[in-house]
Amino acid sequence: MTLKQAMAEARAILAANGIEDAALESELLLRHALKISRVQLYLDLNLQLSPEQEKAFWQIIKRRRNGEPAAYITGHREFYGLDFYVDPSVLIPRPESELLVEKALELSRQRPLTKIADIGTGCGAIAISLALNLPAVKIYATDISDSALKVALFNCQQHGVADKISLLRGDMLGPLPEPVDLIVANLPYVKDSELPQATPAGSEPVLALNGGREGLEKISRLCRQLSGKLRSQGCLLLEIGQGQGKPVTALLHILFPSARIEVSRDLGGVERVVGLYFTGNM
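Going from the sequence shown to this note's numbering is simple: count from 1 and add 170.
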């Protein structure tokens, strides 16, 4: 079987199992199995796979067909133009979360930021993206999971920002040693009732997705912990799920009636980031 034939057959299998982007994933997984670049793949499409290579590739396709995310199989995920190591102890970074980074960088051009906290950092994608773009800023990155922090540390070291990011274990804002100028948070916001669909066997950690009955439990807790954690004129950027804009902004209006609140949509038109901006002391 040639590389071209293997890729075509894998694409058909993945598509038949309801996997989106089957063509892209079949190529990605074949390159991973053979440990070759995209250029090498397309230069050698008519090359014959060895029996060992065929066996390894179809084992990988079986894992993907059974629901294991491609990012866990390859150990890699791109986020904000950067490559991150991921494993089943962390949530796989989503393209829509890049809006958090973009809003934070936009904010940095409007007001001075010296300290930022990334809450629920996972693999560290958001914190590291900010550290590379804002080299003078001190960043705290917290997570309740020891395993997640190990992944984040590895990624910090790979991107050369281990000295710019302080990784802190603990729940929500508790580990922060001092108030910061900006808090960014991509917390679990999936409803209990939606978890079976969001976390099939071999998929992402429930801890990183479970937002409680309405999907707002973790977000609500963080909002109620803000006092004393933001400096004067500090800001909060929260990623939210579809349909959560109104309840989150309503809560923030009650908690912080004098603050400015904005909601930003992602490229799909979904309300994705809620910004809370203080003009003075909280």
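The beta carbon of each residue, even a glycine, is placed where N, CA and C say it ideally should be.
Residue j beta carbon less than 9 Å from that of residue i
i: T419; j: V440; result: no
i: V350; j: K320; result: no
i: V354; j: A318; result: no
i: R391; j: M342; result: yes
i: L352; j: C393; result: no
i: E195; j: A226; result: no
i: N325; j: F254; result: yes
i: I335; j: I389; result: no
i: S315; j: I296; result: no
i: L277; j: N216; result: no
i: R235; j: N303; result: no
i: A322; j: L337; result: yes
i: L407; j: G438; result: no
i: Y310; j: L275; result: no
i: L198; j: L204; result: no
i: I231; j: L184; result: yes
i: T449; j: Q395; result: no
Delimiting residues of the alpha helix (DSSP H) encompassing residue i
i: T244; result: A240 to T244
i: E195; result: A192 to L204
i: V271; result: E268 to S278
i: V418; result: G415 to L425
i: P221; result: P221 to R235
i: V209; result: R208 to L213
i: R394; result: E387 to R394
First and last residue of the uninterrupted beta strand (DSSP E) at residue i
i: D253; result: L252 to Y255
i: R435; result: R430 to R435
i: S402; result: L400 to E409
i: S336; result: I335 to R339
i: G445; result: E441 to Y447
Span separating the alpha-carbon of residue i from that of residue j
i: G330; j: T312; result: 19 Å
i: L269; j: A306; result: 21 Å
i: L200; j: R264; result: 22 Å
i: L219; j: Q327; result: 36 Å
i: G411; j: L213; result: 42 Å
i: G237; j: D191; result: 14 Å
i: A371; j: R430; result: Caution is warranted here: a pLDDT of 47 is assigned to A371, below 50, making its placement in the model unreliable, and the coordinate value is therefore given only provisionally. A371 and R430: Cα-Cα distance of roughly 42 Å.
i: Q414; j: E224; result: 46 Å
i: V209; j: G251; result: 19 Å
i: E348; j: K308; result: 12 Å
i: R442; j: P358; result: 13 Å
i: R281; j: R247; result: 31 Å
i: E222; j: H202; result: 14 Å
i: I243; j: L386; result: 31 Å
i: G344; j: D288; result: 12 Å
i: L271; j: D257; result: According to the sequence provided, residue 271 is Val. The question's Leu does not apply to it. Going by the C-alpha atoms only, they are around 22 Å apart.
i: P177; j: R401; result: What sits at residue 177 in the sequence shown is Met, not Pro. Looking at the two C-alpha atoms, the distance is approximately 54 Å.
i: C293; j: D436; result: 22 Å
i: A182; j: K416; result: 42 Å
i: R339; j: I206; result: 37 Å
i: T291; j: I262; result: 11 Å
i: I189; j: F249; result: 21 Å
i: G454; j: S428; result: Because the chain here runs from 171 to 452, residue 454 falls outside it and cannot be looked at.
i: N356; j: K273; result: 13 Å
i: Y447; j: D333; result: 28 Å
Which residues DSSP lists as bridging residue i, in chain order
i: V350; result: L400
i: F249; result: L252
i: A355; result: I289 and L408
i: Q218; result: T172
* To do: Return the chain-ordered ranges of every alpha helix (DSSP H) run that is complete within the segment 274–325 and spans a minimum of 4 residues.
  => Taking only runs of at least 4 residues, the alpha helix (DSSP H) segments lying wholly in the segment 274–325 are 295–303.
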